[in-house]
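Reviewing the structure listed below.
Residue numbers (our numbering), protein chains in the order written: chain A, 1 to 867; chain B, 868 to 979.
What follows is the structure, encoded as structure tokens:
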């Protein structure tokens with residue numbers, strides 16, 4: 001017996017052989033091997049024999065012995081799958097249309113959002129040396145935590161290159177300015193007239209169309225301009241060598257830049273040579289922070305290498321100053337790729353993005369696609385009873401499970417393919433609208449090969465996502481049960497279907513709630529009592545205009561009866577309010593920062609501010625101009641005073657005032673910043689850093705008034721181009737991001753619920769169809785139409801309620817987080833959830849009622865007539 | 868038409884098939900080669916060569932009866948076809964012809 005056992009070679013080696021060896025050779029091969037095995041056992045013993053057996057078995061892995069892949073003309077099978085898929089699509093038109101409509105909307109959404117996300121993530125990725133470019137930023141701590149500032153002073157760049165040879169390959173500065181540019185007779189106010197060092201183009205990859213990037217900015221009076229500006233100033237003429245005037249300086253055009261890429265955080269229309277400033281005093285001042293400093297690290301230098309030396313660097317150049325002022329400062333490096341999404345930087349300009357927003361978007365896109373895929377799954381499994389016959393017959397005729405899976409997947413792939421084509425058409429049509437919505441022009445980022453690959457992958461992904469579950473369920477039917485008409489998996493799939501419907505409505509309801517909350521918050525913001533009057537106030541920016549011209553303009557305006565008040569100021573409410581350090585009576589030892597407005601006597605009047613203590617500035621007191629100041633209530637609270645106590649206290653701006661000023665009035669708090677932040681302590685002083693003239697118009701003919709203001713402007717300034725805006729519009733602009741979010745959320749909510757309802761419609765149609773007989777019998781037995789409608793729709797009502805239940809806490813949490821972006825916001829009340837729930841229910845009922853009423857009023861004779 | 872080429876190992880296998888006339892199957896051929904030439908060859912190489920010879924038309928094969936030592940599996944017996952036979956004769960004649968023309972001095976060293 002034992003001897004016999006030794007004659008059995010390792011079974012797994014045999015199975016291995018069977019797995020790869022061609023069937024017609026297997027017998028002789030195994031026979032020979034076993035015969036040899038018997039001999040080996042006698043000669044070498046069992047162990048060695050087994051080993052030899054395995055080795056020799058493996059050696060049969062040769063081309064001649066391998067299994068032939070024997071498929072009898074595979075194209076026939078594919079053709080068959082294809083025909084069946086098309087027949088199925090055509091024979092169930094309603095379901096096909098629902099599926100295709102849902103999927104193509106989902107795919108369209110997804111691709112648009114893909115474009116958006118792709119664009120957002122591509123910021124600043126076009127710089128060839130991008131991985132070596134870092135911005136030098138400043139950081140300081142105070143009671144509110146860490147502050148990061150992206151601008152630095154001019155000496156940084158020079159000192160960095162001198163002190164860290166080898167580590168810092170290049171350092172370049174960038175300064176943004178704005179003002180009037182003149183070429184011969186034409187002048188425009190330019191918002192992006194910038195200055196940069198000569199090595200700017202060696203660090204950044206902004207290609208020049210004309211001019212030499214290495215020398216374009218080396219002259220003291222050189223300027224490089226974009227293509228767009230070339231057209232604007234010179235038309236079709238060659239711009240090279242022409243002279244532009246800016247801020248009293250002549251600049252010669254030495255290069256033409258391609259327009260700044262849409263995904264660049266640095267934006268400019270003109271770049272003039274930084275050398276213009278090289279002799280100015282401020283250029284050596286370590287405290288004049290107005291420049292962005294970028295360093296190009298040496299090859300293979302880690303940023304930490306430089307960053308660890310920064311404390312010594314700061315100590316070397318600013319240590320004494322810092323100790324004197326009682327301040328502390330750190331320098332840091334920020335990779336250029338991080339600039340776009342860094343959200344906590346102060347004093348930033350240029351394009352900035354919101355990373356959270358990008359993620360939320362991507363997530364929503366995915367959800368909408370999933371909702372559409374769920375429709376397909378639901379409808380496919382709902383029809384499983386009908387298709388079980390087909391599955392049964394196919395299996396009886398010898399179809400393997402894998403064949404069936406393949407067949408069903410082919411169907412869903414076909415559907416995904418058609419939907420993608422519809423989606424592409426939709427994208428082409430809707431492109432314009434979408435570009436408007438997100439305010440960028442998107443260009444398709446791929447070439448033709450990648451595009452085809454992209455869509456193919458998309459089709460396959462969607463097809464598999466939607467099709468794999470139904471394929472597995474349907475193909476699992478046992479032929480006997482299936483042919484008998486029993487589909488055992490019915491129960492399970494009903495449960496799953498309901499779960500999926502709940503999921504669809506869950507997402508829809510969350511989106512509805514988000515839309516409602518955002519809308520209500522925006523309404524709240526625009527109706528909030530701000531403490532000042534923003535209506536009928538026209539704003540005219542004066543930029544770098546001389547003060548006497550501003551006064552002339554104001555005098556000109558005051559002569560007109562249509563104008564109630566005129567006031568110039570450093571920043572309108574919602575606009576720029578600089579922070580300054582003050583020395584305040586009773587708080588001498590503390591460094592206290594107050595926000596500031598520099599204005600004239602009419603500021604309080606034009607904004608309709610309320611004086612709660614003391615008095616307004618008055619022209620009757622000549623000392624008011626130099627020696628007095630008004631603060632807001634927040635400041636009195638901050639300083640621990642009652643409003644009345646504040647009057648007469650002395651307060652001095654450490655940087656600007658030579659003598660302390662006296663507080664003569666306290667104004668009630670008004671929201672001079674946006675509602676995103678609370679009202680900080682503020683000081684209002686008469687000064688001459690005026691950037692905007694505010695003009696209060698009498699209600700009535702605005703058009704005429706604007707013409708009149710322009711007239712006065714031309715008289716006072718002669719050459720400056722005229723621009724204006726209205727305070728209430730500017731105010732609305734503060735919440736532009738939120739407005740955009742509202743539009744997008746509303747859009748997504750509508751789409752999500754539309755697709756979900758398509759699915760619901762399909763399911764109800766199917767249920768009604770399945771229950772035709774039941775409904776007929778019930779009707780004959782006396783059920784009313786209302787009862788029948790209730791019978792069909794009650795299940796779905798339950799599902800929507802369930803979805804609402806799940807959506808409520810999720811939406812509550814998410815929206816509270818969103819609202820925390822505002823210092824002043826509404827509470828997410830119960831009302832929102834009730835309204836969202838009602839909307840979802842109403843839409844669901846409406847959808848369901850179509851089919852359920854149709855089924856309920858059908859004549860029972862028709863449904864019961866034939867068996 | 869170019870004649871089908873017969874490799875050296877193929878020639879040995881083909882000769883062995885002839886040698887084990889009516890008893891030529893995988894293991895037997897392998898053993899015969901071992902005996903005759905001292906070469907130790909894996910069974911898979913023998914199989915591969917036999918099938919190649921069959922593809923070239925030099926051998927035919929048929930399945931024999933089942934045997935216990937092979938776990939009830941049948942043997943595949945090989946026989947030399949007329950084409951195989953012709954090819955062997957031809958090779959032999961060619962060699963003879965060459966041998967006859969070689970001067971004795973050129974090949975004075977032999978296996979002892």
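Ideal placement from N, C-alpha and C gives every residue a C-beta, glycine not left out.
Remember, predicted model here, so these are calculated numbers, not experimental data.
Counting along the chain, where does the alpha helix (DSSP H) carrying residue i start and finish?
i: residue 643 of chain A; result: 643 to 646
i: residue 437 of chain A; result: 401 to 438
i: residue 240 of chain A; result: No alpha helix (DSSP H) contains residue 240 of chain A, which DSSP labels as neither H nor E.
i: residue 342 of chain A; result: Run containing residue 342 of chain A: none; DSSP gives neither H nor E here.
i: residue 47 of chain A; result: 46 to 59
i: residue 865 of chain A; result: 860 to 865
i: residue 847 of chain A; result: 830 to 857
i: residue 605 of chain A; result: 603 to 607
i: residue 714 of chain A; result: 702 to 717
i: residue 21 of chain A; result: Unbroken run through residue 21 of chain A: none, as it is neither H nor E.
i: residue 798 of chain A; result: 785 to 819
Give me the Cβ distance between residue i and residue j, rounded to the nearest whole Å; I'm assuming they're in contact under 8 Å.
i: residue 856 of chain A; j: residue 785 of chain A; result: 5 Å
i: residue 354 of chain A; j: residue 497 of chain A; result: Actually they are not in contact, since the Cβ atoms of residue 354 of chain A and residue 497 of chain A sit about 37 Å apart, beyond 8 Å.
i: residue 511 of chain A; j: residue 712 of chain A; result: Wrong, their Cβ atoms sit about 50 Å apart, outside the cutoff.
i: residue 317 of chain A; j: residue 286 of chain A; result: 6 Å
i: residue 181 of chain A; j: residue 193 of chain A; result: 6 Å
Can you name, in chain order, every residue of its own chain whose Cβ lies under 6 Å from the Cβ of residue i, other than the five neighbours on each side?
i: residue 852 of chain A; result: 789, 792, 793
i: residue 191 of chain A; result: 178
i: residue 506 of chain A; result: 803, 806, 807
i: residue 620 of chain A; result: none
i: residue 465 of chain A; result: 373
i: residue 591 of chain A; result: 581
Run the CB neighbour count on residue i, radius 10 Å, all protein chains shown included, and call it buried at 16 or more, exposed below.
i: residue 923 of chain A; result: Since the displayed chain A opens at 1 and closes at 867, residue 923 of chain A lies outside it and no answer follows.
i: residue 433 of chain A; result: exposed
i: residue 669 of chain A; result: buried
i: residue 363 of chain A; result: exposed
i: residue 720 of chain A; result: buried
i: residue 977 of chain B; result: exposed
i: residue 304 of chain A; result: exposed
i: residue 872 of chain B; result: exposed
i: residue 103 of chain A; result: buried
i: residue 871 of chain A; result: Here chain A covers residues 1 to 867 and nothing more, so residue 871 of chain A does not appear.
i: residue 359 of chain A; result: exposed
i: residue 779 of chain A; result: buried
i: residue 9 of chain A; result: buried
i: residue 649 of chain A; result: buried
Where does the unbroken beta strand (DSSP E) through residue i begin, and where does it stop?
i: residue 776 of chain A; result: Not the beta strand (DSSP E): residue 776 of chain A falls in the alpha helix (DSSP H), residues 772 to 780.
i: residue 373 of chain A; result: First-last for residue 373 of chain A: 355 to 382, but that is the alpha helix (DSSP H), not the beta strand (DSSP E).
i: residue 930 of chain B; result: 926 to 933
i: residue 665 of chain A; result: 661 to 667
i: residue 208 of chain A; result: 208 to 210
i: residue 611 of chain A; result: 611 to 614
Looking only at its own chain, which residues have a Cβ that is under 7 Å from the Cβ of residue i, when we skip the five neighbours before and after it?
i: residue 916 of chain B; result: 876, 877, 880
i: residue 969 of chain B; result: none
i: residue 420 of chain A; result: 107, 455, 458, 459
i: residue 5 of chain A; result: Low confidence applies to residue 5 of chain A: its pLDDT is 49, below 50, so where it sits in the model is not reliable, and the reading given next is rough at best. Contacts found: none.
i: residue 264 of chain A; result: 124
For residue i, collect the residues of the same chain with a Cβ closer than 8 Å to its Cβ; drop the 5 residues on either side in sequence, then sort them by chain order.
i: residue 184 of chain A; result: none
i: residue 738 of chain A; result: 518, 521, 522, 525
i: residue 82 of chain A; result: 410, 414
i: residue 972 of chain B; result: none
Per DSSP, residue i forms a beta bridge with which residues?
i: residue 725 of chain A; result: A:539
i: residue 653 of chain A; result: A:582
i: residue 133 of chain A; result: A:296
i: residue 696 of chain A; result: A:537, A:565
i: residue 138 of chain A; result: A:149, A:331
I'd like to know if residue i contacts chain E, where contact means its C-beta is closer than 9 Å to some C-beta of that chain.
i: residue 956 of chain B; result: Among the protein chains of the structure shown, namely A and B, there is no chain E.
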